[in-house]
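Peer 1: Take this structure first; my questions come after.
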Amino acid sequence: MFKVLLNLKRAGVVGINRRNADYILRYNERSLYPLVDDKLRTKRLAIAAGIAVPELYGVIEIEHDIGHLPDIVNSHKDFVVKPAHGSGGNGIYVIIGQINNRYQHNNGSLLTEEDLEYHISNILSGMYSLGGQPDHALIEYRVKFDPIFESISYRGVPDIRTVVFRGIPVASMVRLPTRMSDGKANLHQGAVGAGIDLATGLTTHAVWQNQPVEQHPDTGANIGNFKIPHWDKLLALASQCYELVGLGYLGVDVVLDRELGPLVLELNARPGLSIQIANGKGMQKRLRYIDQLAETPASAQERASLAQDLCVRL
Amino acid sequence: MRQLHLLLLVIILCAAGLGLAIYKVTTLGLPLTTSEKAEVWNVEARISFRAKPETSIKVSLPLLFNPSGYTILDEDFVAANYGLAIEQDDNARTALWAKRRAEGKQLLFYRAILYKDTEKTIDSVKAPIYPPIPEYPENFRPIIQGLLDKARQQSADTVSFAQQVIKQLNAASPAPELKLLLEHIHHSRNLAKGINWILAGARIPTRIIQGLRLEDGKLYSELESWTQVYDGKQWRTLNIKNGKEGLPSNFILWQIGDQKTFSVDGGSEVSLQFSVAKTLRELVDIAESRAALKGSHLMEFSLYSLPVQSQNVYKILLMVPLGAFVVVLMRNLIGIKTFGTFMPVLIALALRETELAWGLLLFCLIVGLGLLLRAYVDRLKLLLIPRLASVLTMVVLLMASISVIMHKLGLEMGLSVALFPMVIMTMTIERMSLTWDEAGPAEAFKQGAGSLLVATIGYLVMNIDALQHLLFVFPELLLVVLAAILLFGRYSGYRLTELWRFRALAKR
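Rendered as structure tokens:
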């Protein structure tokens with residue numbers, strides 16, 4: 001056990017306590033949390049700053065408005081319903097089409113109008129929000145993922161999580177939904193995480209259930225050495241989110257739409273540490289290096305370049 | 001900088017907490033372990049007499065004065081309608097009771113509670129004046145002279161001289177020439193006085209000390225007398241019966257010298273009786289009294305000054321930070337997942353109402369049934385707060401039925417379930433079912449088991465009697481707990497479970 005501890009230290013793995021004490025507590029001001037915890041606010045900030053996000057079809061804020069759902073979605077075959085304060089992908093319903101007055105859920109089930117309304121009502125009552133405070137439901141554009149991910153994704157949309165420290169990307173991974181994760185992109189729910197080399201945008205290792213894997217468990221396709229499209233643009237986009245909300249330690253989730261390119265899906269003030277497992281590499285060295293910088297470059301583009309530079313050096 | 005600040009704070013907290021506790025242990029004698037009891041002696045002097053009519057009454061009684069090796073924890077005087085004054089000088093204390101008129105039999109009491117102290121008081125020795133040779137009656141003079149001469153021949157110093165005198169006076173078959181003298185001494189019924197009177201013939205300074213042997217349940221009609229001779233440096237105590245030197249260890253000195261004596265004016269059929277009884281008292285009480293004697297106000301602000309009911313509440317409340325500390329260790333150091341942060345502490349508190357095994361069983365039973373019902377209610381598609389309220393109602397009904405069924409089965413433990421805080425149960429059911437929905441049953445069970453494990457450890461820690469006692473008597477020790485919690489607040493190392501979680505990274 002002591003050996004494991006030493007090895008983890010040597011590998012520069014950041015533990016939860018260190019993340020909380022040295023990075024989140026020091027760099028993330030509590031008052032800024034609502035900006036990322038409320039997806040509606042994040043979206044509005046992003047739109048104002050000219051950052052691409054999935055289009056918002058409508059917001060349901062009170063129980064009474066649930067009846068407006070058909071009006072909001074009538075011009076869209078597919079859409080996503082999500083809680084504004086949800087976390088970890090909970091409470092998100094992805095509707096991929098409508099058949100015989102039923103909504104087609106991406107997990108294969110058909111939902112009646114009533115089912116969907118009950119789900120929204122649950123969202124409003126705070127079932128998915130942290131601490132259970134009342135919530136809003138967002139209805140937005142369903143991302144059509146870049147076909148390049150077809151072979152390594154099951155049902156859901158892969159997203160690319162980047163940890164950004166003081167505006168400089170530190171580590172990145174692509175999260176690939178599996179049958180086990182029910183189309184969700186959360187590692188602890190069974191999604192596959194594949195580390196991305198920041199300099200090249202190529203996937204490196206992959207983990208599934210904390211074990212290294214080479215192939216996607218459902219499709220069997222190879223995951224490694226996979227070029228993420230629009231990589232440089234994506235990295236700059238992640239860096240840009242720092243200015244957007246001002247959080248020093250930030251998780252940025254981006255999806256790649258086949259027509260619209262990278263879209264910022266959500267931001268996270270307490271991103272998890274599994275990204276290290278996916279990358280097969282601890283973040284400590286880069287975090288410490290950035291921590292000791294007196295000043296960071298002003299432009300997002302420069303910070304993204306610095307990140308790529310650091311990736312080669314550290 | 002921040003680290004230094006924290007470190008200083010931790011040191012200050014530890015110093016304050018431990019310092020105060022150590023002061024209370026060493027100076028006030030508060031016990032470190034649970035319900036330590038110590039022997040205390042109740043010594044009582046009972047004066048009874050019949051009041052003479054038409055006469056004012058005055059009673060004087062020498063009181064305990066600095067009994068070396070003992071502390072007087074408490075004293076009280078019981079005498080109906082008598083005026084009481086206490087006279088005190090360097091060597092003695094006397095109680096003076098007075099009453100103008102009284103009728104019939106009178107009873108006066110003086111009671112003292114004594115605690116054996118380790119610190120011996122050393123009495124300052126003032127060299128006494130060497131007494132003049134008394135004017136012995138004509139017929140005794142040669143007898144005493146002979147006795148003293150014989151003793152001088154057989155002794156080396158003052159003490160052995162006095163011992164020889166005592167031996168001769170107490171011999172089983174005394175020399176015939178002493179017969180007259182002995183009769184005279186026994187007539188006055190005061191052997192000690194007689195010995196001192198004879199020793200004065202050799203110009204040896206002497207004095208009488210009086211006291212009691214502390215033997216449980218003993219009654220004395222008078223104080224026991226010992227004689228002390230001055231050997232030029234200090235007073236040496238001699239037994240007047242056999243001349244042996246030294247006081248027995250259980251002897252309390254009541255009075256030095258015999259200038260102040262017991263007397264009753266205006267009474268007949270006077271009797272004075274001493275009784276001694278041993279009782280056990282909580283060391284805490286003793287410490288409290290001693291603190292008061294030493295003029296320390298610390299004990300007045302202890303939790304013991306609260307009403308007993310509040311004391312019992314604090315006995316539990318003071319343990320809660322320890323439970324919280326267990327949660328800190330289990331979560332931040334080991335990394336066990338639980339429902340909520342302090343749910344385990346609440347469950348642990350709930351477990352106190354039952355027993356551990358029963359508590360866990362009942363908890364699992366109620367939460368399990370609650371989950372089933374919650375799953376059913378979920379199909380009715382209720383809003384959040386009505387749903388919580390309905391789960392709460394079901395929990396109460398479940399608790400009631402379990403109590404009734406167990407009672408019918410003759411399992412009395414089922415009744416204690418009623419004390420199981422139901423809101424805790426409801427919240428647990430709700431959180432567990434949410435976790436179930438969101439992260440799957442595996443995660444729900446993992447967190448549920450984690451909560452129960454932490455609650456069990458918390459319960460076991462909070463139920464350690466020794467710790468309960470320590471925190472109640474020394475609440476300042478919570479400062480030390482606080483310091484430890486603060487230290488863990490800056491612990492940025494790995495959690496134990498992370499060694500497992502990141503094990504793939506450690507292999508590279």
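Residue numbers (the UniProt record's numbering), protein chains in the order written: chain A, 1 to 314; chain B, 1 to 508. Glycine included, every Cβ here is placed at the ideal spot set by N, Cα and C.
Are the C-beta of ARG18(A) and some C-beta of chain B separated by less than 8 Å?
Peer 2: Chain B contact via Cβ: present.
Peer 1: Name the residue from ALA455(B), THR341(B), GLY323(B) whose alpha carbon lies nearest to the alpha carbon of GLU355(B).
Peer 2: Answer by Cα proximity: ALA455(B).
Peer 1: Please name the residues in the region 5 to 16 of chain A whose beta-carbon is closer than 7 Å to at least one beta-carbon of chain B, in chain order.
Peer 2: So the list reads LEU5, ASN7, LEU8, ALA11, VAL13, GLY15, ILE16, given in the order they occur along the chain.
Peer 1: List the residues of chain A that ASN332(B) touches, going by C-beta distances under 8 Å, in chain order.
Peer 2: Those within 8 Å of ASN332(B) in chain A are ASN17.
Peer 1: What residue range is occupied by the uninterrupted alpha helix (DSSP H) comprising GLN292(A)?
Peer 2: GLN292(A) -> alpha helix (DSSP H) spans 284 to 292.
Peer 1: State buried or exposed for ASP309(A), treating a residue as buried only when at least 16 other CB atoms are found within 10 Å of its CB.
Peer 2: ASP309(A) is exposed by the Cβ-count criterion.
Peer 1: Three or more C-beta pairs closer than 8 Å, one from the region 263 to 277 of chain B and one from the region 48 to 60 of chain B: is that the case here?
Peer 2: Short answer: they touch.
Peer 1: Report the CB separation of SER225(B) from ILE208(B) in whole angstroms; it is logged as a contact under 8 Å.
Peer 2: SER225(B) to ILE208(B), Cβ: 5 Å. Contact.
Peer 1: Out of ILE385(B), LEU397(B), LEU499(B), SER263(B), which has the shortest C-alpha to C-alpha gap to PRO62(B)?
Peer 2: Among ILE385(B), LEU397(B), LEU499(B), SER263(B), the Cα nearest to that of PRO62(B) is on SER263(B).
Peer 1: Comparing C-alpha positions only, which one of SER305(A), ARG30(A), ARG313(A) sits nearest to PRO169(A)?
Peer 2: With distances taken between Cα atoms, PRO169(A) lies closest to SER305(A).
Peer 1: Using the three-state DSSP reduction, which class does PRO70(A) fall into: helix, strand or coil?
Peer 2: PRO70(A) falls in the helix class under three-state DSSP.
Peer 1: Give the single residue among ILE275(A), ASP253(A), LEU247(A), ASN279(A) whose Cα lies nearest to the Cα of TYR23(A).
Peer 2: For TYR23(A), the nearest C-alpha among the options comes from LEU247(A).
Peer 1: Here's a check: name, in chain order, each residue in its chain whose Cβ is nearer than 6 Å to the Cβ of VAL78(B), leaving out the five neighbours to either side.
Peer 2: Result list for VAL78(B): PHE109, in chain order.
Peer 1: When the Cβ atoms of the region 176 to 196 of chain A are set against those of the region 116 to 125 of chain A, are three or more pairs found closer than 8 Å?
Peer 2: The region 176 to 196 of chain A vs the region 116 to 125 of chain A: no contact.
Peer 1: By Cβ distance below 6 Å, which residues in the same chain neighbour ALA192(B) in space, the five residues on each side in sequence not counted?
Peer 2: So the qualifying residues of the chain are ILE208, SER225, THR227, ILE240.
Peer 1: Straight-line CA distance for LYS39(A) to LYS144(A)?
Peer 2: Rounded to the nearest angstrom, the two C-alpha atoms are 20 Å apart.
Peer 1: When the cut-off is 8 Å and only beta carbons count, does ASP218(A) lie next to chain B?
Peer 2: Not closer than 8 Å to any Cβ of chain B, the Cβ of ASP218(A) fails to qualify, so no.
Peer 1: From the DSSP output, in three-state form, read off VAL255(A) for me.
Peer 2: Strand, per DSSP.
Peer 1: Taking only runs that begin and end inside the region 358 to 409 of chain B, name each unbroken beta strand (DSSP E) of 3 or more residues, in chain order.
Peer 2: Segments of the beta strand (DSSP E) lying fully in the region 358 to 409 of chain B: there are none.
Peer 1: Which residue comes first and which comes last in the beta strand (DSSP E) that contains SER275(B)?
Peer 2: 267 to 282 is the span of the beta strand (DSSP E), which, as asked, contains SER275(B).
Peer 1: Got a sec? Which residues, its chain only, sit under 8 Å from LYS233(A) by beta carbon, not counting five neighbours each side?
Peer 2: The residues are GLY261, PRO262.
Peer 1: Please tell me whether ALA21(A) has its Cβ less than 8 Å away from any Cβ of chain B.
Peer 2: Taking Cβ atoms only, chain B reaches closer than 8 Å to ALA21(A), which makes this a yes.
Peer 1: Where GLY29(B) and GLU476(B) are concerned, what is the direct C-alpha to C-alpha distance, given to the nearest angstrom?
Peer 2: Taking the straight line joining both Cα atoms gives about 16 Å.
Peer 1: Roughly how many whole angstroms lie between the Cα atoms of TYR93(A) and LEU346(B)?
Peer 2: Distance between the alpha carbons of TYR93(A) and LEU346(B) is about 35 Å.
Peer 1: Please report the distance separating the alpha-carbon of GLU29(A) from that of THR428(B).
Peer 2: Cα to Cα, the separation comes out at about 31 Å.
Peer 1: Can you list, in chain order, the stretches of the beta strand (DSSP E) that have 3 or more residues and sit fully within the region 69 to 144 of chain B?
Peer 2: DSSP runs (the beta strand (DSSP E)) wholly in the region 69 to 144 of chain B: 70 to 78, 83 to 88, 93 to 99, 105 to 116.
Peer 1: Measure the beta-carbon distance from GLN273(B) to LEU317(B) and round it to whole angstroms, keeping in mind my assumption that it falls under 8 Å.
Peer 2: With a Cβ gap of about 49 Å, GLN273(B) and LEU317(B) do not count as contacting.
Peer 1: Residues of chain B with CB under 7 Å from MET1(A), in chain order?
Peer 2: In chain order: LEU499.
Peer 1: Between the C-alpha atoms of ASN7(A) and LYS507(B), what's the straight-line distance to the nearest angstrom?
Peer 2: Whole-angstrom Cα-Cα distance: 7 Å.
Peer 1: Using a threshold of 8 Å, state whether the C-beta atoms of ILE485(B) and VAL328(B) are closer than that.
Peer 2: Cβ atoms of ILE485(B) and VAL328(B): closer than 8 Å.
Peer 1: Within 10 angstroms of its Cβ, does GLU288(B) collect 16 or more other Cβ (buried), or is it exposed?
Peer 2: Result: buried.
Peer 1: Going along chain B in order, which residues have a C-beta closer than 8 Å to the C-beta of SER109(A)?
Peer 2: Correct list: empty, because the minimum Cβ distance to chain B is about 15 Å.
Peer 1: Look at the alpha carbon of ASN268(A) and the alpha carbon of SER305(B), and state the distance between them as a whole number of angstroms.
Peer 2: Looking at the two C-alpha atoms, the distance is approximately 52 Å.
Peer 1: For PHE502(B), count neighbouring Cβ atoms within 10 angstroms of its own Cβ and tell me buried if that reaches 16, exposed if not.
Peer 2: That one is buried.
Peer 1: Verify the CB distance criterion: does PRO212(A) have a CB-CB separation below 8 Å to chain B?
Peer 2: So yes, PRO212(A) belongs to the interface.
Peer 1: Would you say MET173(A) and ARG161(A) are within 8 Å of each other, going by their C-beta atoms?
Peer 2: Contact flag set, yes.
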